[in-house]
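Residue numbers (the UniProt record's numbering), protein chains in the order written: chain F, 1 to 257; chain C, 1 to 93.
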């Protein structure tokens with residue numbers, strides 16, 4: 001199922017899927033992002049993340065997804081057009097994760113996502129939910145160029161679908177074990193190294209069946225992204241810490257504890 | 001070196017040279033803080049991979065801890081209303 005999903009939701013398709021979904025959701029969203037032009041960039045990602053969060057709610061959004069894929073081709077041209085300049089402006093290579101602007105974009109998107117987390121259900125703000133949201137925003141920031149980001153995002157979808165159709169998940173398992181048994185006999189590596197490679201491939205999402213150079217490439221990008229994530233979240237935590245302590249003293253219109 | 005033989009695609013993977021792997025491993029080594037100061041000749045590929053796994057695990061753990069703290073903070077702020085979010089956003093930008 002995962003394989004199918006990653007193939008169907010290849011990068012341009014996935015992006016247009018999210019864009020068309022965002023178009024559907026954006027009309028429903030209650031709090032559109034406000035004025036400054038930088039936030040218009042945010043609004044590109046914001047409905048997307050909103051949709052991803054709403055996809056967490058079990059039943060309804062799933063029925064939308066297969067319907068929406070049919071709308072993809074129709075909406076694709078219209079949507080990709082105006083947003084292309086934004087996509088092309090990204091710096092390629094893993095150095096892009098280390099730029100300040102990436103961190104700022106990630107932080108602000110995370111802020112939006114977390115803000116919306118609190119709105120729908122009251123139970124949401126657990127650590128696990130925040131972690132998932134952070135991972136999703138990180139994956140979105142990668143703009144679909146890396147395998148691990150696609151795996152994170154499609155992993156949510158396939159997990160949802162698998163919960164409904166358990167047979168698909170069971171059908172996948174024999175396929176996985178077959179590929180593991182069928183190891184190339186000629187490619188001789190020391191067993192401990194190969195074991196570590198396998199462990200590594202399990203840590204990086206979506207890279208279990210990857211060849212070694214691709215896996216290492218994904219790993220370098222993933223590590224850079226994780227470091228950026230840690231930095232941004234640390235910064236955000238510091239801000240909120242300061243905000244909470246300041247809210248008690250200052251005359252904010254917040255009902256502090 | 002059997003890897004230098006003719007290209008046979010086994011399960012969709014073309015043959016890669018050991019030099020390429022060594023190059024990638026050294027590239028990976030530069031990312032990992034623990035191994036950055038050491039000379040690359042002294043560190044084996046196995047150690048690099050091991051340290052990579054440890055590093056990724058520690059990063060995961062750190063993200064988990066941070067998200068736990070963030071969730072607590074979000075609960076305590078009670079409502080991250082638009083004004084506060086604007087302030088935070090302006091600070092971030």
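For every residue, glycine included, the Cβ atom is placed at its ideal position computed from N, Cα and C. No experiment lies behind these values; they were computed from the predicted model shown.
- Query: Is the CB-CB distance between residue 110 of chain F and residue 236 of chain F below 9 Å?
  - Reply: The residue you call residue 110 of chain F lines up with position 110 of the first chain. The residue you call residue 236 of chain F lines up with position 236 of the first chain. Closer than 9 Å, so yes.
- Item | Stretch-stretch touch, CB-based, cutoff 8 Å, three pairs: the region 126-133 of chain F with the region 202-216 of chain F | Output reads no: the region 202-216 of chain F does not touch the region 126-133 of chain F.
- Three-state secondary structure assigned by DSSP to residue 202 of chain F: For this step, residue 202 of chain F is matched to residue 202 along the first chain. Correct three-state label for residue 202 of chain F: helix.
- Task: For the alpha helix (DSSP H) containing residue 31 of chain C, list its first residue and its last residue.
- Result: Your numbering for residue 31 of chain C matches position 31 in the second chain. Its alpha helix (DSSP H) spans residues 18-31.
- Item | Separation of residue 33 of chain C from residue 48 of chain C, as counted between CA atoms | Position 48 of the second chain, counting from 1, holds the residue named residue 48 of chain C. Position 33 of the second chain, counting from 1, holds the residue named residue 33 of chain C. Residue 48 of chain C and residue 33 of chain C have their alpha carbons spaced roughly 11 Å apart.
- Return helix, strand or coil for residue 145 of chain F, following the three-state DSSP convention. In the first chain, the residue the question calls residue 145 of chain F occupies position 145. Residue 145 of chain F: coil per DSSP, three-state reduction.
- Query: Is residue 157 of chain F close to chain C, meaning its C-beta is less than 9 Å from at least one C-beta of that chain?
  - Reply: Translated into positions along the first chain, residue 157 of chain F becomes position 157. At a cut-off of 9 Å between beta carbons, residue 157 of chain F makes no contact with chain C.
- Message: Suppose you measure from the CA of residue 204 of chain F to the CA of residue 148 of chain F; what does that come to, to the nearest Å?
- Response: Taking the first chain and counting its residues from 1, the one referred to as residue 204 of chain F is at position 204. Taking the first chain and counting its residues from 1, the one referred to as residue 148 of chain F is at position 148. Going by the C-alpha atoms only, they are around 7 Å apart.
- Task: For residue 164 of chain F, count neighbouring C-beta atoms within 10 Å of its own C-beta (all shown protein chains included) and say buried if the count is 16 or more, exposed if not.
- Result: Position 164 of the first chain, counting from 1, holds the residue named residue 164 of chain F. It counts as exposed.
- Taking 9 Å as the CB-CB cut-off, is residue 152 of chain F touching chain C? Residue mapping note: residue 152 of chain F aligns to position 152 of the first chain, counting from 1. Under the Cβ criterion of 9 Å, residue 152 of chain F is not counted among the residues facing chain C.
- Item | CB contact check: residue 49 of chain F to chain C, cutoff 9 Å | Residue 49 of chain F sits at position 49 when you count from the first residue of the first chain. Low confidence applies here, because residue 49 of chain F scores a pLDDT of 41, under 50, leaving its location unreliable; read the following figure in that light. Under the Cβ distance rule, residue 49 of chain F does not count among the residues neighbouring chain C, no pair being separated by less than 9 Å.
- Query: DSSP state of residue 220 of chain F, grouped into three classes?
  - Reply: Position 220 of the first chain, counting from 1, holds the residue named residue 220 of chain F. In the structure shown, residue 220 of chain F adopts helical secondary structure according to DSSP, grouped into three states.
- Name the chain F residues that come within less than 7 Å of residue 26 of chain C, Cβ to Cβ? Here residue 26 of chain C is taken as the residue at index 26 of the second chain, counted from 1. Residues of chain F passing the Cβ test: none, with the nearest at roughly 10 Å.
- Query: With DSSP run on the structure shown, which of helix, strand or coil describes residue 126 of chain F?
  - Reply: Stepping through the first chain from its first residue, residue 126 of chain F is reached at position 126. In the three-state reduction of the DSSP assignment, residue 126 of chain F falls in the coil class.
- Using the beta-carbon of each residue, which ones in chain F are nearer than 9 Å to residue 43 of chain C? Residue numbering aside, residue 43 of chain C sits at position 43 when the second chain is read from its first letter. From the beta-carbon of residue 43 of chain C, no residue of chain F is found nearer than 9 Å; the closest lies around 13 Å away.
- Excluding sequence positions up to five away, which residues of its chain have a Cβ less than 7 Å from the Cβ of residue 233 of chain F? Start at 1 with the first residue of the first chain, and residue 233 of chain F comes out as number 233. The residues are 134.
- Message: At a CB distance below 9 Å, what residues from the region 49-69 of chain C approach chain F? Give them in sequence order.
- Response: From the region 49-69 of chain C, only 49, 50, 52, 53, 55, 56, 57, 59, 60, 62, 63, 64, 65, 66, 67, 68 and 69 have a Cβ closer than 9 Å to chain F.
- Query: Is residue 150 of chain F helix, strand or coil when you go by DSSP?
  - Reply: As a first step, residue 150 of chain F is located in the first chain; it is residue number 150 there, counting from the start. Residue state, collapsed to three classes: helix.
- Message: With a threshold of 9 Å between beta-carbons, can residue 217 of chain F be considered close to chain C, or not?
- Response: Counting from 1 along the first chain, the entry for residue 217 of chain F is found at position 217. Chain C, which has a Cβ nearer than 9 Å to the Cβ of residue 217 of chain F, makes this yes.
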